[in-house]
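Undergrad: In this note's numbering, the protein residues as written are 41 to 438. Ideal Cβ placement from N, Cα and C applies to all residues, glycine included. All values derive from a computational prediction rather than experimental measurement.
This is the structure in structure tokens:
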């Protein structure tokens, strides 16, 4: 029994590996599943296509080396294995050095490096700099700022408005991305269009991309940045030039009336009162928003707020930085969304460590004490009814 047990375990391990590898490569989020939302091997733009071609080149080169070296090793192991009747103490003739083999291997290695290096460096240059004369239109400039754990997007040349966690751009037009961080190191990763680039404190990094076809593309932070790094997602929407023009004009218009005092009356939707789901609830929601949310969130698209800008919230496809779909239901004049309810009522259960729940503190390096800047929702004591009223208000910001 002891003789066969190791072999049984080895066979079981091989079966497990043989089953696991296809699952890793070809499932919904697998490496070689082109339909995966974040597959870099399904390029939809010039930059990502160049990166995919470089990847495949390196893959085939290394696969060829593996076959040659592995095949030679397997041939030696089989050809010169010890056979029954061989002298176990036999030592084959020894030799030292072979200039032809040594020089040949050095030249082969150098050739492989050259084959890999040239397209790699060309791809780096392409990602860093928009090719001169390649496009007729001027690039769309989007300033990206990374926060723990969400994204702020500014369109400085399109009216200077802000949005959060979703970007929209026209298909076929180059997009220039300027990257900054407000806190720790993040990494902007949009695999089907742009590859990835780090956001570093104290400097601005750049990348660009262009989308070949319309669609929704998924992106995320690709550098560990704290407790909820895995929940720091965003969506990119490539639309027709006409759709982008309409979207841009809609973003430039305030979702609410912005007055000097920004009181509840100024926070009410600009749409006619009869179009509100429930006018009384919306007014109550505006009051709750002013009391509990306005310190960090703005509903004015022209304002860069400490937290995600919520202007035109109802028109967005996701909430909580791309973690939940922005789906809702209307019943009895009230809008409901169980995911948004949970996100407002218990945000720490959705994104551990987030400032919306814990509050925000400044650290004094002299006294080594923390000063409260923003009170978290855990101190607010919002009831389920309050949260539902807030949700009804937010879904009237179209």
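(1) Excluding the 5 residues flanking residue 345 on each side, which residues of the same chain have their C-beta closer than 7 Å to its C-beta?
(2) With a 10 Å radius around its C-beta and 16 neighbouring C-beta atoms as the bar for buried, classify residue 242 as buried or exposed.
(3) Could you pull out every unbroken beta strand (DSSP E) segment of at least 3 residues lying fully inside the stretch 196-221, listed in chain order?
(4) If I measure Cβ to Cβ from residue 426 and keep anything under 7 Å in the same chain, skipping five residues before and after, which residues do I get?
(5) Return helix, strand or coil for residue 180, following the three-state DSSP convention.
(6) From this set, 197, 257, 129, which residue's C-alpha is nearest residue 88's C-alpha?
(7) Are residue 348 and residue 190 closer than 7 Å when you measure CB to CB?
(8) If you reduce the DSSP assignment to three classes, tell me which class residue 70 lands in.
(9) Could you tell me which of 224, 311, 200, 122 sits nearest to residue 297, measuring between CA atoms?
(10) Name the residue from 186, 255, 250 whose alpha carbon lies nearest to the alpha carbon of residue 266.
(11) Below 8 Å on the Cβ atoms is my contact criterion, and I expect residue 430 with residue 362 to pass it. Report the Cβ-Cβ distance as a whole number of Å.
(12) Between which two residues does the alpha helix (DSSP H) holding residue 238 run?
(13) Considering just the uninterrupted stretch of the alpha helix (DSSP H) at residue 163, what are its terminal residues?
(14) Alpha carbons only, please: which of 238, 148, 212 is nearest the one belonging to residue 168?
(15) Between residue 193 and residue 215, is the Cβ-Cβ spacing less than 7 Å?
(16) Please list, in chain order, all residues of the same chain as residue 227 whose beta carbon is under 8 Å from its beta carbon, the five residues on each side excluded.
(17) How is residue 425 classed by DSSP in three states: helix, strand or coil?
(18) Looking at the strands, I want to know which residues DSSP matches up with residue 268.
(19) Once you ignore the five residues that flank residue 50 on each side, which residues in its own chain have a CB closer than 7 Å to its CB?
TA: So, from the listed chains and residues:
(1) 336, 337, 338
(2) exposed
(3) 201-204, 206-210, 215-221
(4) 328
(5) strand
(6) 257
(7) yes
(8) Any answer about residue 70 is weak, because its pLDDT of 48 lies below 50 and its placement is not dependable; what the coordinates show is given next. Here residue 70 sits in coil by DSSP.
(9) 311
(10) 186
(11) In fact, because the Cβ distance is near 21 Å, the residues do not count as touching under 8 Å.
(12) Unbroken run through residue 238 is the beta strand (DSSP E), 235-239; no alpha helix (DSSP H).
(13) 139-168
(14) 238
(15) no
(16) 236, 237, 238, 239, 261, 262, 263
(17) helix
(18) Bridge partners of residue 268: none, in fact.
(19) none
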